[in-house]
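J.:
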Amino acid sequence: MSTSNQPWHHGNITRSKAEDLLSKAARDGSFLLRDSESIQGAYALCVLYQNCVYTYRILPNEERKLSVQASEGVPIRFFSVLADLVETYYSPNMGLATHLQFPVQKEEEPEEEPDPVKYPPQLPPRNFSGGLSANGSKETLGGESQTSELACASLRDTYLQRLQHLDMSNLPEEHQQSIQEYFHTSLRLDAEQAQNGNPNLPHLKKLTMGICKHLNSEISRTLPTLEAFQRLLDQQLSPVVGRMRSQVGCLL
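Residue numbers for the sequence shown follow my numbering, beginning at 59 and rising by one.
#1: Taking 6 Å as the limit between beta carbons, can you name the residues of its chain near Gly87, skipping five residues before and five after?
#2: Quickly, what does DSSP pair Cys110 with across the bridge? List them, please.
#3: In three-state DSSP terms, what is Pro282?
#4: May I have the straight-line CA-CA distance separating Met59 from Gly255, to the nearest angstrom?
#5: Ignore the nearest five residues each way along the sequence and tell me which others in Ile71's own chain have a CB closer than 7 Å to its CB.
#6: If we count the other Cβ atoms within 10 Å of its Cβ and call it buried at 16 or more, is Asp215 buried or exposed?
#7: Quick check on the DSSP output: the alpha helix (DSSP H) that includes Asp248 runs from which residue to which?
#8: Quick one: measure Cβ to Cβ for Val132 and Tyr114, integer angstroms, because I've assumed they're closer than 8 Å.
#9: So, helix, strand or coil for Val144, using DSSP?
#10: In or out: His223 buried (at least 16 other Cβ within 10 Å) or exposed?
#11: Could you check what DSSP says for Gln128 in three-state terms: helix, strand or coil?
#12: Are the CB atoms of His233 and Cys110 within a distance shorter than 8 Å?
#13: According to the Cβ coordinates, are Val139 and Leu90 closer than 8 Å?
#14: Could you name the residues of the same chain whose beta carbon sits closer than 7 Å to that of Glu239, not counting the 5 residues immediately before and after it, in chain order?
#15: Under DSSP, the beta strand (DSSP E) around Asp93 begins and ends at which residues?
#16: Would you tell me roughly how many angstroms separate the C-alpha atoms of Lys271 and Leu229, rounded to the nearest one?
#17: Determine the contact status of Leu247 and His261, defining contact as a CB-CB distance below 8 Å.
#18: Locate the alpha helix (DSSP H) running through Ser236, then write down its first and last residues.
#19: Which residue's Cα is closest to the Cα of Ser96: Ser212, Tyr107, Leu259?
#20: Quick one: what does DSSP say Leu80 is sitting in, helix, strand or coil?
#21: Closest to Leu117 by CA distance: which of Phe136, Val105, Gln108 is it?
#22: Distance check for Thr283 and Glu130, CA to CA, integer angstroms please.
#23: Between Arg115 and chain C, is there a C-beta pair that is closer than 8 Å?
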C-alpha cells in the first residue's frame, strides 16, 4: 500500500504544516494526505473549503482496508488502495465539506551543497522539556510553545468531534456556519489569547453577539410594552383589587 510516489501524500508532516500548505493553495477543494500522528497505519485527509481546513481520519479495519470517517448518513466505503479512495472522493456528495479537486504538491527539499567554509562546531540541541539551566531552573523556552500548540489542537479536535454528533438540523443555517467556523479557526485564537493573559475570549463574544442579534431587537421591541403594562398595574386600586394587582405584578 505504498503511497510515497503520490504527489498528494506528504508523509509524516504535522497538522499545522498541512494547514499552512493548504492556506497557501487558497482554493476550495485543495487537499493533501498526511500520516496520522497518533494511529499507526492511519492517515488524515485535509481539505480546504471557505478558508477552513477540514481534517478527516482514514482508518484501516482488521482486513487493512481503508475508510474515511466522514459525515453521518453517508455509507462507509472500504478501499484496498489509497489511490482508489482519493479518486472516489473527487466525486461530490461523499460526506466531505467539499469534494476533492486540487491536490497540493509536496514541497521540494533544497539539495544540500558542500560548504567549503569551516564554521565553529554547533552546540548539541537542548532538551527544552526537562533540562536545567545554570541556576538550576528548568528551561522551557520552545517546550512551552509546543505544549501550548498541542493543547489548543487537542481542544479543537475534542469540540469538532462533539460537533459531528450534535443534531443542529433545527438551527438556522447562518448559526450553524458561525458555530462551525468558530471551532475550526477562532477557538485556537481565543485559547492563545487566554494563555497570554487576556481572558476576554473576543471571538466567542463575537459569535454570541451574532447569534443573539435578533434576540436583542426582539427584547427592545417587547420591553416598552411590558413596562407600560407594569405602570398601568401600579396605579392605586381598592384593597381587594390591589391584592390581585400584586399577584399579577409578580408575573412581570
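Where is the CB? At the ideal position from N, CA and C, for every residue including glycine.
T.: Taking the definition as stated:
#1: These residues qualify, in order along the chain: Thr156, Gln159, Phe160.
#2: Tyr107
#3: helix
#4: With a pLDDT of only 47 at Met59, under 50, the local geometry of the prediction cannot be trusted, and no value is derived from it.
#5: Around Ile71: Arg92.
#6: Flag for Asp215 reads exposed.
#7: 245-253
#8: 11 Å between Cβ atoms; not a contact.
#9: helix
#10: Per the 10 Å Cβ criterion, exposed.
#11: What sits at residue 128 in the sequence shown is Ala, not Gln. Here Ala128 sits in coil by DSSP.
#12: Not closer than 8 Å, so no.
#13: Taking 8 Å as the Cβ cut-off, Val139 and Leu90 do not qualify as a contacting pair.
#14: Cys110
#15: 88-93
#16: 15 Å
#17: yes
#18: 231-239
#19: Ser212
#20: helix
#21: The residue from Phe136, Val105, Gln108 with its alpha-carbon nearest to that of Leu117 is Phe136.
#22: 46 Å
#23: In the structure shown, chain C cannot be found, because there is only a single protein chain.
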